[in-house]
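To start, the structure under review is shown below, and the notes come after it.
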Amino acid sequence: MQNILVTGGTGYIGSHTVVDLIDQGYHPVIVDNQSNSSLDVLRGIMEITGREMSCLSVDICDKAALTEVFQSHDIDGVIHFAAYKSVNESVHEPLKYFHNNLTGLITLLDVMKSEGVNHLIFSSSCSVYGNVKTLPVTEKTPFAEAESPYGRTKQIGERLIEDYGKAHPDFRGINLRYFNPAGAHESNAIGELSLNPPTNLVPVITETAIGKRPGMTVFGNDYDTVDGSCVRDYIHVMDLAAAHTQALSSLDRLDTDNNVEVYNVGIGQGVSVLQAITAFEKVSGKQLNYAIGDRRAGDVVAVYADTNKVMSDLNWQPSRNIEDIMSTAWDWELKRSKQ
Ligand code: NAD
Ligand code: WQD
């Protein structure tokens, strides 16, 4: 398996995964419609890998254009990142999310079927678990009611892939449930560069420290956690990227009734918002201007992964911690501020 179609490959996680794929000897073929990314990232990929990469500007909901990509590139497998990802926007524009995230996936499976491509890695999310009651979260933890239309598109996406796998014996699929991806490539050549203003904790911290924001709010310090702030499982984007490459290489040994496997991808440790801020202040030497504010509606109190399954089945383990996340994210912010 050599030629890997990477949908959403100029996006944040996609671009870092493209680098890891190239390092591991694969030939990524990127499609992206630039709805939340820019072609500038291709220069960074080239800087790191020495490989000239191009992006096919295709919307994955366009079946004819996607079919043309498969036919002209001899695709062996697919990593499917392309989707919209703003939880808040999805609450206000559910149709936009159901259309792009689910029509996109259905169109992709449809084309894979007609072109005889049977290997798929799908970007799922810890948001499929909803508001969890028991920690750590294992892959057997049942889906609770999704907190947003975005989360629901990931729940439905996973079910769709499972049903497809049941009906197609040659198919092999893996759903990777990411916890909280953050950080940037250590070279500082690529990082998070979304077109929409970030709302996730780590870019909000770095943007505050650089002065793009006057200050930031910690959403609540009266939860039942180590220091009262919410707890998450932050995973470095390059560790997450490596999980995709490992997942690809494991597809042929996959052995389940429905031909689909699912893995949590986190580091398996909870970090509170205040601990994350402390880690940032330590690695950057900056004092962050933050205030404690009200709880954010819809926030889960604490969530972190049980990672035993991904570590043993995929022979994968994370090698970076919250300080590595903060220092690479900060270097990336500093670099962009000079451009
Ligand atoms: P991103 O927005 O940076 O990347 C997604 C890319 O897909 C963008 O470049 C966008 O232009 C492209 N895209 C969107 N719709 C498309 C379409 N119809 N056709 C072609 N390209 C399209 O997001 P990301 O953070 O890299 O996330 C990648 C995947 O991982 C998404 O499926 C997201 O839901 C999932 N995920 C992300 C996180 C996170 O916190 N970043 C957590 C869990 C899961
Ligand atoms: C992390 C913590 C906030 C900003 C989201 C999606 C989830 C997945 C990952 C895609 C929370 C706190 C944040 C701020 C803060 N994405 N915070 N002040 O909410 O865990 O998950 O991204 O699949 O589906 O819901 O991530 O980075 O927004 O928040 O105090 O300005 O930081 O309350 O506790 P979240 P996040």
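Numbering (the numbering used here), first residue to last: 2 to 340.
Ideal Cβ positions, reconstructed from N, Cα and C, are used throughout, including at glycine.
{"Item": "If distances are taken between C-alpha atoms only, which option among M239, G294, Y224 and Q276 comes closest to W317?", "Value": "M239"}
{"Item": "Can you list, in chain order, the residues of its chain with a C-beta nearer than 6 Å to that of W331? Leave out the 5 residues immediately preceding and following it.", "Value": "T207 and S285"}
{"Item": "Suppose you measure from the CA of E48 to the CA of K310; what does that come to, to the nearest Å?", "Value": "34 Å"}
{"Item": "So, with DSSP's three-state summary, where would you put V42?", "Value": "helix"}
{"Item": "Between which residues of its own chain and V205 is the CB-CB distance below 8 Å, once the five residues before and five after are set aside?", "Value": "P199, R214 and M217"}
{"Item": "By how many angstroms is the C-alpha of E53 removed from the C-alpha of M2?", "Value": "21 Å"}
{"Item": "With respect to the beta strand (DSSP E) encompassing Y264, which residues constitute its N-terminal and C-terminal limits?", "Value": "V261 to V266"}
{"Item": "Entirely within the region 66-144 and at least 3 residues each: give me those beta strand (DSSP E) ranges in chain order.", "Value": "78-81 and 120-126"}
{"Item": "Can you tell me which of I107, L335 and I122 puts its alpha carbon nearest to the alpha carbon of I80?", "Value": "I122"}
{"Item": "Where does D33 land, buried or exposed, given buried means 16+ other C-beta within 10 angstroms?", "Value": "buried"}
{"Item": "For T108, which residues of its own chain have a beta-carbon under 8 Å away from its beta-carbon, when the five flanking residues on both sides are left out?", "Value": "I61, C62, D63, K64 and L67"}
{"Item": "Run the CB neighbour count on L96, radius 10 Å, all protein chains shown included, and call it buried at 16 or more, exposed below.", "Value": "exposed"}
{"Item": "Determine the burial state of L194: buried for a count of at least 16 other Cβ atoms within 10 Å of its Cβ, exposed for fewer.", "Value": "buried"}
{"Item": "Would the C-beta of M2 count as close to the ligand WQD, meaning under 7 Å from any of its heavy atoms?", "Value": "no"}
{"Item": "For Y264 and L177, which I take to be in contact (beta-carbon distance under 8 Å), what is that distance rounded to the nearest angstrom?", "Value": "6 Å"}
{"Item": "Using alpha carbons as the reference points, say which of N4, T11, R173 and L6 lies closest to L196.", "Value": "T11"}
{"Item": "Is the beta carbon of F99 within less than 7 Å of some heavy atom of the ligand NAD?", "Value": "no"}
{"Item": "Three-state secondary structure (DSSP) at F180?", "Value": "coil"}
{"Item": "Can you find the residues in the same chain that come closer than 6 Å, C-beta to C-beta, to A84, ignoring five residues on each side of it along the sequence?", "Value": "N102"}
{"Item": "Counting along the chain, where does the alpha helix (DSSP H) carrying P204 start and finish?", "Value": "L202 to I211"}
{"Item": "Nearest-angstrom Cα distance between Y235 and L202?", "Value": "10 Å"}
{"Item": "For F172, name the three-state secondary structure that DSSP assigns.", "Value": "coil"}
{"Item": "So the beta strand (DSSP E) I293 belongs to, where does it begin and stop?", "Value": "Y291 to G294"}
{"Item": "If I follow the unbroken beta strand (DSSP E) through L6, where does it start and stop?", "Value": "N4 to T8"}
{"Item": "Below 7 Å, is the gap between the Cβ of L202 and the nearest heavy atom of the ligand WQD?", "Value": "yes"}
{"Item": "Can you give the beta carbon distance from V59 to V70, rounded, assuming they're within the 8 Å contact cut?", "Value": "6 Å"}
{"Item": "From the DSSP secondary-structure annotation, give me the bridge partner or partners of P199.", "Value": "Per DSSP, none; premise fails for P199."}
{"Item": "At a cut-off of 7 Å, is S58 close to the ligand WQD when judged by its beta-carbon and the heavy atoms of the ligand?", "Value": "no"}
{"Item": "By how many angstroms is the C-alpha of K336 removed from the C-alpha of G192?", "Value": "10 Å"}
{"Item": "Using the DSSP secondary-structure output, state which residues sit across from R233 in a beta bridge.", "Value": "V272"}
{"Item": "CB of K64 to nearest heavy atom of the ligand NAD: below 7 Å?", "Value": "no"}
{"Item": "For V42, which residues in the same chain have their Cβ closer than 8 Å to its Cβ, ignoring the five residues on either side in sequence?", "Value": "T11, S16, I191 and L194"}
{"Item": "Do T209 and A303 come within 8 Å of each other at the CB atom, strictly closer than that value?", "Value": "no"}
{"Item": "Alpha carbon to alpha carbon, how far is Q25 from L255?", "Value": "20 Å"}
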